[in-house]
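Participant: Provided herewith is a single structure, encoded as structure tokens, for subsequent inquiry.
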Amino acid sequence: MPLFIIDLSHGVKQPRYPWSDGPEFITQCPIRPGTNFSQRINLSDEEGTLWWHAHSDWSRATVNGALIIRPANKTNYPFPRPAAEIPIILGEWWKSDVQAVVNEFLASGGDANKSDAFLINGQPGDLYPCSTNDTFKLTVEKDKTYMLRIVNAVMNNLMFFSVANHQLTVVGTDGAYVKPFKSNYITISPGETIDVLLEANQNPNHYYMGAKAYNSVVGVPFDNTTTTAIIQYRGNYTASSPPILPDLPNFDDTNALFNFTRSLKSLADKTHPINVPLNVTTNLLFTFSVNTLPCEDESCSGPNGDRFAASVNNISFVLPRVYGDEFPSFPPLNFNFTGGSLPVDLQRPNRRTEVHVLEYGTNVEIVLQGTSLLGGVDHPIHLHGYSFYVVGAGFGNFDKDKDPLNYNLVDPPLQNTIAVVRNGWAAIRFKADNPERHVSWGMEMAFIVKDGKGSQEKLLPPPPDMPQC
């Protein structure tokens, strides 16, 4: 039986209490076989859909679920109450045990085998063989409105999702409301949640909802299948056979991905105010890269017999026994981050355990910069303990003089997960007011946010049943 850990509250800020929000060996040790640990969730201003999942290697592929925070008593949704609310969890499935998939790619130094199917609520859908009887079905009544609470629990893929012949009204993401807007599809990053309203306003029939992966890198194998579920109208009618298919963007449609993401804006009204940090006191630039490390016998499956690695500011994170506090605020080497034919020596990261220390109350801006090392890929980035305002995004290298002029500081979306598009950048802001001590190839880093001076600005002690290493 493996050691286990649960990120019980993916996206819950857990103010002053990181002890139930743990990537293993960062905020807590795994739960040992035969022992217990009582998880505690401290909700603050979250409202909408979040989720929980296992947090040891890839165990979250099979151990996860939705976490729904409804409006407080005597308050309402900022839109007409839907007739029903339905969690839609996008997942992934391999024909072998998921831990065996992890062990194989770590041993080989290469990439993981592509999955054999994507899932909607645990079922692949009837476009795959032998799945017709188990396809998830949602029954709706004509002219009623339903809320779909969509979670992307897929391991690495950004996903496109749509419903045939129906527009979706996007109303929330990552436990916060957004200004409603209509779209024929959504794009959703791994770990992200999106809430949409579905109006059952079409002719009574059966319609597919479907999801498939986005992939921008030529030559990289990926699961190019489409998972489906069925929307079926209640009543007596002759249904088309097969159901009507959704119109999803092409798998490599970067503009579709980027345009949807940039359409998200905070509701920012009197009952749902926002507080974007305007006076930034700490500016950080983090580069995200796929790298390689030498293989002991030069027989690994990465480029030139090396093994794949990943880094932030050229540091490939090593799980800590001890740690340093010298994580760099900027890349140690400036180069054309998104240029072609980059020197091979840029591909070698440092393997270290470094954290970045923030003073309590610091207003932080981080520019998340993708690089084209080894061709570059899209990077979904998640921050524990905080939601952040996405104030800007773009393609190419971030320009510190020009790009901030186009920031949205009025109603930027409040998120905890953001996709940095291939060879692009995103800028996020947050206030470091949650003291805490918070991937297989090493693309992660940790902040330590120090205690403040007030009694309500200090880290709470760990619980007595805290797992021991």
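Count along the sequence shown starting at 1, add 60, and that's the number in our numbering.
For every residue, glycine included, the Cβ atom is placed at its ideal position computed from N, Cα and C.
If you draw a straight line from the C-alpha of residue 158 to the C-alpha of residue 86, how long is it?
Facilitator: Approximately 23 Å between the Cα atoms of the pair.
Participant: At 3 residues or longer, what runs of the beta strand (DSSP E) sit wholly inside the segment 340-420?
Facilitator: Runs found: 342-353, 367-372, 375-377, 410-412, 415-418.
Participant: Assign residue 330 to one of two classes, buried (16 or more other C-beta atoms within 10 Å of its C-beta) or exposed (fewer than that).
Facilitator: Result: exposed.
Participant: Between the segment 459-473 and the segment 500-519, do at least 3 Cβ pairs fall closer than 8 Å?
Facilitator: Touching, no.
Participant: Is the distance from the Cβ of residue 248 to the Cβ of residue 266 below 7 Å?
Facilitator: Contact: no.
Participant: Quick check on DSSP: helix, strand or coil for residue 435?
Facilitator: In this structure, residue 435 counts as helix in the three-state DSSP scheme.
Participant: For residue 512, name the three-state secondary structure that DSSP assigns.
Facilitator: Looking at residue 512 - three-state DSSP - the assignment turns out to be coil, as it is neither helix nor strand.
Participant: For residue 42, I'd like the list of residues in its chain whose CB is within less than 6 Å of its CB, leaving aside the five on either flank, ordered along the chain.
Facilitator: With the chain covering 61 to 529 only, the question about residue 42 has no answer from this structure.
Participant: Check whether the Cβ atoms of residue 349 and residue 371 lie closer than 7 Å to each other.
Facilitator: Cβ atoms of residue 349 and residue 371: closer than 7 Å.
Participant: Out of 408, 482, 414, which one is the CA nearest neighbour of residue 441?
Facilitator: For residue 441, the nearest C-alpha among the options comes from 482.
Participant: Taking DSSP's pairing of strands, which residues face residue 128 in a bridge?
Facilitator: Answer is 109, bridged to residue 128.
Participant: Output the distance between the C-alpha atoms of residue 110 and residue 467, rounded to the nearest integer angstrom.
Facilitator: The straight-line gap from Cα to Cα measures roughly 26 Å.
Participant: Is residue 230 buried or exposed, if buried means 16 or more other CB atoms sit within 10 Å of its CB?
Facilitator: Buried is the call here.
Participant: Measure the Cβ-Cβ separation of residue 276 and residue 438 and say whether it is below 7 Å.
Facilitator: The answer is yes: Cβ separation under 7 Å.
Participant: Answer yes or no: does any C-beta atom of chain B fall closer than 7 Å to that of residue 300?
Facilitator: Included in the structure is just one protein chain, with no chain B present.
Participant: For residue 469, which residues of its own chain have a beta-carbon under 8 Å away from its beta-carbon, when the five flanking residues on both sides are left out?
Facilitator: Closer than 8 Å at Cβ, skipping near neighbours: 336, 338, 451.
Participant: Just to confirm the assignment, what range does the beta strand (DSSP E) spanning residue 164 have?
Facilitator: Premise fails: residue 164 lies in the alpha helix (DSSP H), 158-168, not in any beta strand (DSSP E).
Participant: Can you look up residue 76 in the DSSP assignment and give me helix, strand or coil?
Facilitator: The answer is coil: DSSP assigns residue 76 none of H, G, I, E or B.
Participant: For residue 162 and residue 190, what's the separation of their Cα atoms in angstroms?
Facilitator: Roughly 26 Å separates the two Cα atoms.
Participant: Can you check whether the CB of residue 96 is closer than 7 Å to the CB of residue 113?
Facilitator: Taking 7 Å as the Cβ cut-off, residue 113 and residue 96 do not qualify as a contacting pair.
Participant: In the DSSP assignment, what are the bridge partners of residue 449?
Facilitator: Note: residue 449 sits in a beta bridge opposite 474, 489.
Participant: Taking residue 509 as the reference, give the member of 342, 195, 235, 251 with the closest Cα.
Facilitator: It is 342 whose Cα lies nearest to the Cα of residue 509.
Participant: Under three-state DSSP, which class holds residue 61?
Facilitator: Only weak support is given to the placement of residue 61: the predicted model assigns it a pLDDT of 29, under 50, and the value that follows is read from those uncertain coordinates. Reduced to three states, the DSSP call for residue 61 is coil.
Participant: Based on the DSSP secondary-structure assignment, which residues constitute the bridge partners of residue 134?
Facilitator: DSSP output for residue 134 lists no bridge partner at all.
Participant: Here's the rule I'm using: 16 or more other beta-carbon atoms within 10 Å means buried, otherwise exposed. How should residue 528 be labelled?
Facilitator: That one is exposed.
Participant: Cβ atoms of residue 324 and residue 219: under 7 Å apart, would you say?
Facilitator: No.
Participant: Report the option in 485, 403, 474, 184 whose CA atom is closest to the CA atom of residue 334.
Facilitator: When only C-alpha atoms are compared, the closest one is 474.
Participant: Can you give me the C-alpha to C-alpha distance between residue 310 and residue 506, rounded to a whole angstrom?
Facilitator: Distance between the alpha carbons of residue 310 and residue 506 is about 35 Å.
Participant: Span of the beta strand (DSSP E) holding residue 428?
Facilitator: Its beta strand (DSSP E) spans residues 422-430.
Participant: Comparing alpha-carbon positions, which option in 177, 250, 273, 188 lies nearest residue 222?
Facilitator: Closest by alpha carbon: 273.
Participant: Less than 6 Å between C-beta atoms, sequence neighbours within five positions excluded: which residues of the same chain meet that for residue 424?
Facilitator: Here the set comprises 342, 490, 492.
Participant: Quick one, which of 255, 216, 196 has its alpha-carbon nearest residue 208's?
Facilitator: Of the candidates 255, 216, 196, the one whose C-alpha sits nearest the C-alpha of residue 208 is 255.
Participant: So, helix, strand or coil for residue 466, using DSSP?
Facilitator: Residue state, collapsed to three classes: helix.
Participant: Can you tell me the Cα-Cα spacing of residue 318 and residue 153, whole angstroms?
Facilitator: Distance between the alpha carbons of residue 318 and residue 153 is about 27 Å.
Participant: Taking residue 245 and residue 308 to be in contact with their CB atoms under 8 Å, please state how far apart those CB atoms are, rounded to whole angstroms.
Facilitator: About 6 Å separates the two Cβ atoms, so the contact holds.
Participant: Please report the residue range of the alpha helix (DSSP H) in which residue 321 lies.
Facilitator: Residue 321 -> alpha helix (DSSP H) spans 314-322.
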